[in-house]
Amino acid sequence: MSHSPFVVSQHPQHPFQRRSTSAVTLWLAGLLLVVAGVLIYMVVDQRRARTQGAPPASAYQPHEVVIPADLGADEKATITVFQNASQSVVHITSIESVKDRFSMDVMDLPQGTGTGFIWDTAGHIVTNFHVIQHGNAAQVTLNDGSVYAAKLVGTAPDKDLAVLRIDAPASKLVELPVGSSSRLQVGQKVLAIGNPFGFDQTLTTGVISGLGREIQSVTRRPITDVIQTDAAINPGNSGGPLLDSSGNLIGVNTAIYSPSGAYAGIGFAVPVDTINAIVPQIIRSGGNLKRPGLGISIGSDQLAQKMGVSGVIIQGVGPGSAADRAGLHGVDKDASGRFVLGDVIVAIDGAPVTGQTDLFKGLDRHAVGDTVKVRVRRSGVEREVEVTLQEIPQQ
Numbered sequence: 004m005s006h007s008p009f010v011v012s013q014h015p016q017h018p019f020q021r022r023s024t025s026a027v028t029l030w031l032a033g034l035l036l037v038v039a040g041v042l043i044y045m046v047v048d049q050r051r052a053r054t055q056g057a058p059p060a061s062a063y064q065p066h067e068v069v070i071p072a073d074l075g076a077d078e079k080a081t082i083t084v085f086q087n088a089s090q091s092v093v094h095i096t097s098i099e100s101v102k103d104r105f106s107m108d109v110m111d112l113p114q115g116t117g118t119g120f121i122w123d124t125a126g127h128i129v130t131n132f133h134v135i136q137h138g139n140a141a142q143v144t145l146n147d148g149s150v151y152a153a154k155l156v157g158t159a160p161d162k163d164l165a166v167l168r169i170d171a172p173a174s175k176l177v178e179l180p181v182g183s184s185s186r187l188q189v190g191q192k193v194l195a196i197g198n199p200f201g202f203d204q205t206l207t208t209g210v211i212s213g214l215g216r217e218i219q220s221v222t223r224r225p226i227t228d229v230i231q232t233d234a235a236i237n238p239g240n241s242g243g244p245l246l247d248s249s250g251n252l253i254g255v256n257t258a259i260y261s262p263s264g265a266y267a268g269i270g271f272a273v274p275v276d277t278i279n280a281i282v283p284q285i286i287r288s289g290g291n292l293k294r295p296g297l298g299i300s301i302g303s304d305q306l307a308q309k310m311g312v313s314g315v316i317i318q319g320v321g322p323g324s325a326a327d328r329a330g331l332h333g334v335d336k337d338a339s340g341r342f343v344l345g346d347v348i349v350a351i352d353g354a355p356v357t358g359q360t361d362l363f364k365g366l367d368r369h370a371v372g373d374t375v376k377v378r379v380r381r382s383g384v385e386r387e388v389e390v391t392l393q394e395i396p397q398q
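My numbering numbers the first residue of the sequence shown as 4 and each following residue consecutively.
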């Protein structure tokens, strides 16, 4: 009997088992797709972030330098003026030499700083009187940094001017060209060079804002024909040159108007015509500058106003003085000890005198030895006398 070959029987799977296996497979495939999508998104997003946040490759390289255009004519002129004039501008340190009470060593104490400029190759330096006023010695630093001890030649406090002298080689002493202040015009360009707040060789520019201004000196006498400028002038600029656009000296920077104490756009310079008249006198006389006067002491304008008097009250007359020889009288006392007014000056050379400024202006137009006509009022009666001006000491 023949036997059929042995056949292993394969039982068919249950329908539920087939569906379950297919679902798991699909679920796993879907999960893998989701994970892959998330990963791809993250990679792309990070690359995008890096691309967007990162600077371009050119940012890591120096920028191409643009060749500057040629400077304007005005800029070139300003640069030339500064390069030439700065060789003449110096830094001045006022010093007070004092002895230590214990060691008796002499110490040099800086009292202040300012600016000056070289007047001639003999070593004369011009600056403001108030720059060196509170010291008994001074040091001058030239443009090249060399330092020299300075000797005081003389001063003109009435004009806020002083002249120093240093022993330096003539090759280092570059004079400033001297201009004139008589032909200046409001609006023309000016340059100031100085050492504001200790910053050496600082250049500021501006224009002439006004002419014929008047400021008061430390002696209370007026400085007339002063130049007003908006070129920045600050502490340390005092004594420095004010220049025109050609580099010529037209003034000495002297004062500022500042209600707050800071620069307010209003600066004043003593005019060069005054400087050119006074400085040679100081040098020639060895500092013994002659100042014309009447030989009197006068009352303040406030006193005159308080007493209802128009003019300048003569308080005292020096014995043997020019005023004494002309017969002028000062304040006196009557028998009861009350003060009695003497002469009140009401005019000089025909120009009305209403206060001290008018009197000083009249005197400053003259020299020692000149004769002036002085009109005075005493006890309500006016009369005119001639007075030959005498020399009076600088205050």
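Ideal Cβ placement from N, Cα and C applies to all residues, glycine included. This structure is a prediction, so every number in the text was calculated from the model and none was measured.
- Following the DSSP letters along the chain, one finds Gly270 inside the beta strand (DSSP E) bounded by residues 270-274.
- Taking the CA atoms as reference points, Gly383 sits about 44 Å from Val189.
- Collapsing the DSSP output to three states places Tyr151 in a strand.
- Taking 4 residues as the shortest admissible run, the segment 264-326 contains the following complete alpha helix (DSSP H) segments, listed from N- to C-terminal end: 275-288, 304-309.
- Residues Asp161, Phe363 of the same chain have their beta carbon placed closer than 7 Å to that of Arg224, with the five preceding and five following residues left out of the count.
- The Cβ atoms of Asp163 and Ser220 sit closer than 8 Å to each other.
- When secondary structure is reduced to three states using DSSP, Gln142 falls in the strand class.
- Going by DSSP, Leu366 is part of the alpha helix (DSSP H) stretching over 359-367.
- Closest option to Thr391, judged by alpha-carbon separation, among Ala370, Asp346, Thr257, Ile211: Ala370.
- DSSP assignment within the segment 193-244 yields the following whole beta strand (DSSP E) runs of 3 residues or more, N-terminal first: 205-219, 225-232.
- With 16 or more other Cβ atoms from the protein chains shown falling within 10 Å of its own Cβ, Ile301 counts as buried.
- Taking a C-beta distance under 8 Å as the contact criterion, Arg378 and Ala350 qualify as a contact pair.
- Look at Ala76 here: in three-state DSSP terms it is helix.
- The Cβ-Cβ distance between Asn240 and Ala195 falls below 8 Å.
- Contact annotation: Val229 and Pro244 have beta-carbon atoms that are not nearer than 8 Å.
- Contact check for Ile169 against Val143 passes: the beta carbons are separated by less than 8 Å.
- Distance from Ile226 to Arg294 at the Cβ level is roughly 14 Å; contact not present, criterion being Cβ atoms closer than 8 Å.
- Going by DSSP, His127 is part of no alpha helix (DSSP H) but of the beta strand (DSSP E) stretching over 127-130.
- Contact check for Ile218 and Ala258: beta-carbon distance about 5 Å, within the 8 Å limit, so the pair qualifies.
- Under the criterion of beta carbons closer than 8 Å, Pro199 and Pro238 qualify as touching, at roughly 6 Å.
- Beta-bridge pairing by DSSP links Thr124 to no other residue.
- No Cβ-Cβ contact shorter than 8 Å links Gly321 with Ile285.
- In the DSSP annotation of this structure, the continuous segment of the beta strand (DSSP E) that includes Asn256 starts and ends at 252-259.
- For His133, the closest alpha carbon among the candidates Ile98, Gly148, Asn251 is that of Ile98.
- Closest option to Val315, judged by alpha-carbon separation, among Leu331, Gly323, Ser324: Leu331.
- Taking the Cβ atoms as the reference, Phe271 lies roughly 19 Å from Arg186, outside the contact range of under 8 Å.
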